[in-house]
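Notes to accompany the following structure.
2 protein chains.
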Amino acid sequence: MLRFAVVGHLARTSGDINLSDLPGGAGRMDVLCRCVNSAFFLSHEFRRDVECYLILCGDPDPEKTVRFSGSKVRYLSPDERSAGSLIKKALALPAGSAWRESTPGVEVRRGGLDLLLGEYPFAVLDETGIDLRKAGKLPEGYLLSDHQNFTPGEEALLAGREKYSAGPLSLHADHTITLVLNEIDRRRAGWTS
Amino acid sequence: MLRFAVVGHLARTSGDINLSDLPGGAGRMDVLCRCVNSAFFLSHEFRRDVECYLILCGDPDPEKTVRFSGSKVRYLSPDERSAGSLIKKALALPAGSAWRESTPGVEVRRGGLDLLLGEYPFAVLDETGIDLRKAGKLPEGYLLSDHQNFTPGEEALLAGREKYSAGPLSLHADHTITLVLNEIDRRRAGWTS
Numbered sequence: 000m001l002r003f004a005v006v007g008h009l010a011r012t013s014g015d016i017n018l019s020d021l022p023g024g025a026g027r028m029d030v031l032c033r034c035v036n037s038a039f040f041l042s043h044e045f046r047r048d049v050e051c052y053l054i055l056c057g058d059p060d061p062e063k064t065v066r067f068s069g070s071k072v073r074y075l076s077p078d079e080r081s082a083g084s085l086i087k088k089a090l091a092l093p094a095g096s097a098w099r100e101s102t103p104g105v106e107v108r109r110g111g112l113d114l115l116l117g118e119y120p121f122a123v124l125d126e127t128g129i130d131l132r133k134a135g136k137l138p139e140g141y142l143l144s145d146h147q148n149f150t151p152g153e154e155a156l157l158a159g160r161e162k163y164s165a166g167p168l169s170l171h172a173d174h175t176i177t178l179v180l181n182e183i184d185r186r187r188a189g190w191t192s
Numbered sequence: 000m001l002r003f004a005v006v007g008h009l010a011r012t013s014g015d016i017n018l019s020d021l022p023g024g025a026g027r028m029d030v031l032c033r034c035v036n037s038a039f040f041l042s043h044e045f046r047r048d049v050e051c052y053l054i055l056c057g058d059p060d061p062e063k064t065v066r067f068s069g070s071k072v073r074y075l076s077p078d079e080r081s082a083g084s085l086i087k088k089a090l091a092l093p094a095g096s097a098w099r100e101s102t103p104g105v106e107v108r109r110g111g112l113d114l115l116l117g118e119y120p121f122a123v124l125d126e127t128g129i130d131l132r133k134a135g136k137l138p139e140g141y142l143l144s145d146h147q148n149f150t151p152g153e154e155a156l157l158a159g160r161e162k163y164s165a166g167p168l169s170l171h172a173d174h175t176i177t178l179v180l181n182e183i184d185r186r187r188a189g190w191t192s
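As given, the protein sequences belong to chains A and B, one line each in that order. Numbering-wise, numbering that gives the first Met the number 0 puts 5 at position 6 of the first sequence, and it's gapless, one number per residue. Numbering-wise, numbering that gives the first Met the number 0 puts 152 at position 153 of the second sequence, and it's gapless, one number per residue.
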């Protein structure tokens with residue numbers, strides 16, 4: 000199983016988000032919606048072996064995590080509004096400490112990065128890391144940040160973790176996910192670089 | 000100058016598109032909006048040396064081409080709706096044979112792939128092509144298709160052109176643009192693979 004987790008520092012944590020204003024009122028939820036797209040969509044296929052965790056840290060009720068599970072997800076189209084609609088439905092549920100499913104393959108729970116890091120291994124995607132193309136065995140979990148850098152508190156949680164870089168420039172999170180999956184696709188297919 | 004051109008086989012050619020229904024009524028305009036995002040956006044920077052051509056072949060008034068010029072474009076945010084809004088403004092102008100600017104850095108004209116191929120060199124991005132990573136000097140122009148394959152008529156126009164592949168799987172056009180730009184970024188920065 001491949002796992003991507005993205006921290007949405009301002010991402011709204013209630014079900015009142017406006018799907019026509021994902022960047023504004025929903026706290027740059029557009030970034031997270033594009034990450035869902037990159038994590039799952041192939042041309043006319045879907046990556047069933049991926050999970051995508053959205054860690055929502057914005058008002059009014061932080062923190063919550065929304066999980067998309069590729070093996071089970073339904074009703075997801077590639078456009079931002081489609082992912083946004085499924086996130087909105089998840090946020091409309093009362094969140095507890097256990098995962099609760101809102102639509103097939105989409106679940107929500109209370110809790111954020113700290114909780115998730117205790118459950119699964121995640122390497123950090125960061126332009127100061129090891130070049131993905133030159134890495135030996137690649138990890139199964141990758142953590143990214145939205146348009147903001149990790150906070151000092153998050154950095155403290157991440158101390159000592161492996162860091163990987165997808166390229167020489169600082170990229171959007173969704174573009175970085177595309178690059179990680181391409182490197183994995185190539186290795187699985189035996190394409191040597 | 001790097002150039003990306005994307006054929007939108009169903010993409011609507013009038014200014015009445017609904018920004019809340021880019022995949023449906025606007026003829027998978029969401030695909031083209033994501034291509035604009037991938038062509039230009041870096042984390043907190045913008046690729047000024049890129050042009051992105053959207054070739055719109057859908058009803059009611061085909062064909063039209065919308066050009067985004069990175070050196071001049073303004074009012075563009077990363078979300079699909081933002082690119083969609085600028086496309087809508089371009090399509091609201093009467094299109095003639097010359098480029099006409101709708102907002103800074105966004106222009107429209109009548110005409111499609113045939114016209115564009117006579118003006119600039121474009122290689123084709125296709126999973127049957129040469130691996131981008133193994134190619135010698137990379138081209139400056141890349142042509143992609145939306146969620147549909149090139150038509151037989153388009154294939155005839157493209158006969159004999161160089162083909163490049165970004166990976167072993169068939170990918171969305173916007174993901175492919177991200178992979179091309181990453182390879183170019185790496186070469187410019189002297190990152191050897």
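Just so you know, even glycine gets a beta-carbon here, dropped at the ideal spot from N, CA and C.
Contact list for residue i against chain B, beta-carbon separation under 8 Å
i, result
"A:S19", "L18, S19, R80"
"A:P77", "P22, D29, V30, R33, H171"
"A:S195", "Only positions 0 to 192 of chain A appear in the structure, and residue 195 of chain A is not among them; the question remains open."
7 Å Cβ cutoff met for residue i and residue j
i, j, result
"B:L131", "B:E182", "yes"
"B:D113", "B:K162", "no"
"B:G140", "B:L90", "no"
"A:A10", "A:L31", "yes"
"B:A94", "B:K63", "yes"
"B:M0", "B:D60", "no"
"B:H197", "A:F40", "This structure cannot speak to residue 197 of chain B, because chain B is shown only from 0 to 192."
"B:G166", "A:R185", "yes"
"A:R2", "A:Y119", "yes"
"B:L115", "B:L156", "no"
"B:V123", "B:R160", "yes"
"A:L137", "A:F121", "no"
With 16 other Cβ atoms within 10 Å as the buried cut-off, status of residue i
i, result
"A:N36", "buried"
"B:T127", "exposed"
"B:S144", "buried"
"B:G111", "buried"
"B:T177", "buried"
"B:P77", "buried"
"A:E79", "buried"
"A:S164", "buried"
"B:K133", "exposed"
"B:T175", "buried"
"B:G83", "buried"
"B:S68", "buried"
"B:K87", "buried"
"B:G12", "This sequence places Thr at residue 12 of chain B; Gly is not what is there. Its Cβ being crowded by 16 or more others within 10 Å, B:T12 is buried."
"A:E154", "exposed"
"B:G26", "buried"
"B:G7", "buried"
Within chain A, partners of residue i - CB distance below 7 Å
i, result
"B:L170", "L41, S42"
Test: residue i CB closer than 7 Å to a CB of chain A
i, result
"B:T177", "yes"
"B:N181", "yes"
C-beta neighbour in chain B for residue i, strict 7 Å
i, result
"A:A134", "no"
"A:P167", "yes"
"A:R249", "Any answer about residue 249 of chain A is impossible in this case: the structure gives chain A only from 0 up to 192."
"A:W190", "yes"
"A:R11", "no"
"A:R73", "no"
"A:D184", "yes"
Cross-chain neighbours of residue i in chain B, by beta carbon under 7 Å
i, result
"A:G69", "Near A:G69 there are no residues of chain B at all, since even the closest Cβ is about 15 Å away, more than 7 Å."
"A:D130", "W190"
Interface residues of chain A facing residue i [CB-CB closer than 8 Å]
i, result
"B:H8", "In chain order: nothing, as chain A lies at least about 14 Å away."
Any non-hydrogen atom of the ligand ADP within 6 Å of residue i CB
i, result
"B:H146", "Summarising the ligand content, the structure contains no ligands, and the ligand ADP is consequently not present."
message: Quick test of the definition: if touching needs 3 or more C-beta pairs under 8 Å, does the stretch 28-46 of chain A touch the stretch 97-111 of chain A?
response: No contact exists between the stretch 28-46 of chain A and the stretch 97-111 of chain A.
message: For the structure I just gave you, are there three or more beta carbon pairs, one from the stretch 148-158 of chain A and one from the stretch 3-23 of chain B, closer than 8 Å?
response: no
query: Would you say the stretch 52-59 of chain A touches the stretch 105-123 of chain A, given that touching needs at least three Cβ pairs under 8 Å?
result: yes
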